[in-house]
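Beneath this line is the structure, given in structure tokens, with notes to follow.
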């Protein structure tokens, strides 16, 4: 199964980039998982504008985003919380992607992770981020991973300072991959009703 | 597969009882679905009170609720919207059920339906209702069924006045059952990691 | 100005009772604030049931709840988080109160506090709790007070173990009381349009 | 009092532009209201990027957005719903604005309107949009205005086809302006505690 993973942050030294790299490390040990680790800058696009869409269609960054989602069996996203919610740039990428006839999020599984320097570790943002994905038909995994105190949570090598966080993330990713496998079978099988 | 279905309304002539009966009719035509259509009054319980729990445990209505959830492969709920949100009595049933060691909602699939006399058809309430179920680990199906103008939506026999609503609900239930089947396979299989 | 304050927990040794008592202490030092500190058990009522309402009206606990809200200029509530959301019993009290012609929450100011033993201190529950109050027209103060690690947060006397939490709550209550005063003026004044 | 009003849509023929113009007409009849009707394109800015902020600061469109908010006593926004939520471009504008030391949304009153071609009239999007504004300390008016079936809701002159919608919006704006007046008094007064 193919997993598209990325951090929804443009910042080079983003804590969410560190977190998605930790997730990527864990994914490597799953024998049937093929990782597509994307850089968020590959999906850069202008703000959604209906007139721009009418004249020029979905921009290149949006088309690349759609292509990568469609090629994946599941998505893992690590996202910062901005002002208690989803980053505008991530919502904007969703808004463009939703304009495609392929309906790229429909039936796609998604695991949400997030970290922030604060004590709530982006937990509010993760719940705000679920909503548009679910509105588009994505299967957002119920459990999410919120990591508080990002500044202290990673060591100089960018790995988890506390091995318990690694264990917690590994257990969550294992469960999520089971879920992806189960629903992949669903999509490929032919279930008469 | 066994599906527990009920309307989260005590009222005898509740529009949500009519809606769950329509869902039950549709379920009967799925050859592999066994329906457990419950009456909400079977799950009556007092308001959650930690001291009461300490002295007397989970009340009979709560134990019955847990037993029926655990016996099911999936749940279909039709719920009114009260003040833009989940009915207090439904949240209270969840609160009691969550106290059981069996963690009854964990990994349980759930389809949410709702109807109300207003023009928004309980759509706000459905989104508010998702949250506690997801917080307990339930797989809440992304698409939900919100039926506005409940007073006009059913005929004297309690069936949909507009056949398009029946078709829309049937298509949704079919998709949901596929999802239940896929995830049942997941639970019974042994996926080495 | 009159402030109704209570903890939305029946448990005798509830951490949210400790928290509301701390809020009550702070309120005493505001010269123009008259405190009505209620016990949640005064508002005990059965689960909302439209048929029961038709036959017997709003139950005594609900009528008392409405009477106390209507007598207040503002409300301060300390609420546990149950399963990522509002306690069912609190939502049930809202559901009954909303049935009264007086529309008791309309234009009423509300400050939400919450504590829980976990590391997120009920922050998810507080956001879930805002929604029905706002749907009924209450002015829910934007800032809320979420106190994590409830077990360690109070000393044996039931006061804040860390004085910073007291300072933080005092600053918030001061700001909230300004807001109540401003909106009380609005209700009593005659603003021609 | 000064009211900043705009539609959160770039599209020239946006239904939300029509809706904000209707709100602007209503505002003109309030003798103490001075209207600043902005075009969303004045606030165009790139996606938030922490590295860009470090090197170049808040972009011109963001600084203009902040300047106009700070000059206003209240905001009225008409916003489309994209995928069940806030438009990414609006959230992005909030994300940039929140980076300013002036904390421009803190204590600012806000009325949310929205229209969409669908039958739910952006009601889900409005509730998703409240959250980040409230997280930044804005006083978001509890009642919101959701207008379904946008295609049929406006006549060729761009006015409400049904006068009941105008009456409904006028009553809401009147109530909102009372709220702004009350809270302006609060900010200018000196309330000893």
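Chains as they are written, first to last, in my numbering: chain A, 708 to 900; chain B, 708 to 900; chain C, 708 to 900; chain D, 708 to 900.
Beta carbons are placed, not taken as given, at the ideal position from N, Cα and C, and that holds for glycine.
Next on the checklist: According to DSSP, simplified to helix, strand and coil, what is residue 801 of chain C?
Outcome noted: helix
Next on the checklist: If contacts are defined as beta-carbon pairs under 8 Å, then residue 816 of chain A and residue 887 of chain A qualify, I think. What distance do you get, rounded to the angstrom?
Outcome noted: 5 Å
Checklist entry - In terms of alpha-carbon separation, which member of C/760, C/784, C/719 lies closest to residue 848 of chain C? => result C/784
Checklist entry - How far does the beta strand (DSSP E) with residue 762 of chain D in it reach, from first residue to last? => result Note, residue 762 of chain D: premise wrong, no beta strand (DSSP E); alpha helix (DSSP H) at 757-763.
Checklist entry - Would a check of beta-carbon distances place residue 896 of chain C closer than 8 Å to chain A? => result Unreliable placement is indicated for residue 896 of chain C, whose pLDDT of 41 sits below 50; the coordinate value is still reported in the next sentence. Chain A, which has no Cβ nearer than 8 Å to the Cβ of residue 896 of chain C, makes this no.
Checklist entry - Which residues, in chain order, does the stretch 821-849 of chain D contribute to contact with chain C at a C-beta distance below 9 Å? => result 834, 837, 838, 840, 841, 842, 843, 844, 845, 846, 847, 848, 849
Next on the checklist: What ranges does the alpha helix (DSSP H) occupy inside the stretch 779-842 of chain B, keeping only unbroken runs of at least 4 residues that lie completely in it?
Outcome noted: 795-804, 830-842
Checklist entry - Taking 8 Å as the CB-CB limit, is residue 717 of chain B close to chain C? => result yes
Checklist entry - At a Cβ threshold of 8 Å, is residue 793 of chain C touching chain B? => result yes
Checklist entry - Anyone know if the C-beta pair for residue 802 of chain A and residue 795 of chain D falls short of 8 Å? => result yes
Checklist entry - Are residue 861 of chain B and residue 722 of chain B closer than 8 Å when you measure CB to CB? => result yes
Checklist entry - Which residues share a DSSP beta bridge with residue 852 of chain B? => result B/820
Next on the checklist: Just to make sure I have the definition right: I need the residues of chain B whose C-beta is within less than 7 Å of the C-beta of residue 790 of chain C. Which are they?
Outcome noted: 801, 802, 805, 839, 842, 843
Item to check | Residue range of the unbroken alpha helix (DSSP H) whose run includes residue 714 of chain B | outcome: Counting along the chain, residue 714 of chain B falls outside any alpha helix (DSSP H), though it belongs to the beta strand (DSSP E) covering 709-714.
Next on the checklist: Once DSSP output is grouped into helix, strand and coil, what is the label at residue 743 of chain C?
Outcome noted: strand
Item to check | Whole-Å CB distance - residue 716 of chain B paired with residue 724 of chain B, under 8 Å assumed | outcome: 6 Å
Next on the checklist: Give me the chain C residues within the contact set of residue 722 of chain B, using Cβ-Cβ distance strictly less than 8 Å, ordered along the chain.
Outcome noted: Here the premise fails: no neighbours, minimum Cβ distance about 11 Å.
Item to check | Distance between residue 865 of chain D and residue 720 of chain D (C-alpha atoms, nearest Å) | outcome: 10 Å
Checklist entry - Measuring CA to CA, which of C/791, C/780, C/812 is closest to residue 822 of chain C? => result C/791
Item to check | Distance CB(residue 718 of chain B)-CB(residue 758 of chain C) smaller than 8 Å | outcome: yes
Checklist entry - residue 917 of chain C versus chain A: which residues are under 9 Å apart at the beta carbon? => result Residue 917 of chain C is absent from the structure shown; chain C starts at 708 and stops at 900.
Checklist entry - For residue 787 of chain B, does the count of other Cβ atoms within 10 angstroms reach 16, so buried, or fall short, so exposed? => result buried
Checklist entry - By the criterion of Cβ-Cβ separation under 8 Å, what are the contact partners of residue 757 of chain C in chain B? => result 716, 717, 718, 721
Next on the checklist: Shorter than 7 Å, the distance from the beta carbon of residue 711 of chain B to the closest heavy atom of the ligand GTP, or not?
Outcome noted: Of ligands this structure carries none, so the ligand GTP is not represented either.
Checklist entry - Ordered along the chain, which non-local residues of its own chain (more than five positions away) have a Cβ less than 7 Å from that of residue 750 of chain A? => result 768, 771, 772, 800
Next on the checklist: Classify residue 829 of chain B: buried if its beta carbon has 16 or more other beta carbons within 10 angstroms, exposed otherwise.
Outcome noted: buried
Checklist entry - What number of angstroms, rounded off, separates the C-alpha of residue 891 of chain A from the C-alpha of residue 890 of chain B? => result 10 Å
Checklist entry - Beta-carbon of residue 798 of chain C versus every beta-carbon of chain B: anything under 8 Å? => result yes
Checklist entry - Given that a residue counts as buried once 16 or more other Cβ atoms are within 10 Å of its Cβ, and exposed if not, what is residue 739 of chain B? => result exposed
Item to check | DSSP beta-bridge partners of residue 847 of chain D | outcome: D/817
Checklist entry - CB residue 820 of chain B to CB residue 850 of chain B, shorter than 8 Å? => result no
Checklist entry - Tell me which same chain residues have a C-beta within less than 7 Å of the C-beta of residue 806 of chain A, skipping the five on either side of it? => result 760, 765
Item to check | Close beta carbons around residue 744 of chain B, own chain, < 6 Å, minus the five adjacent residues each side | outcome: 712, 731
Item to check | Best match in C/762, C/812, C/734, C/756 for proximity to residue 776 of chain C [C-alpha to C-alpha] | outcome: C/812
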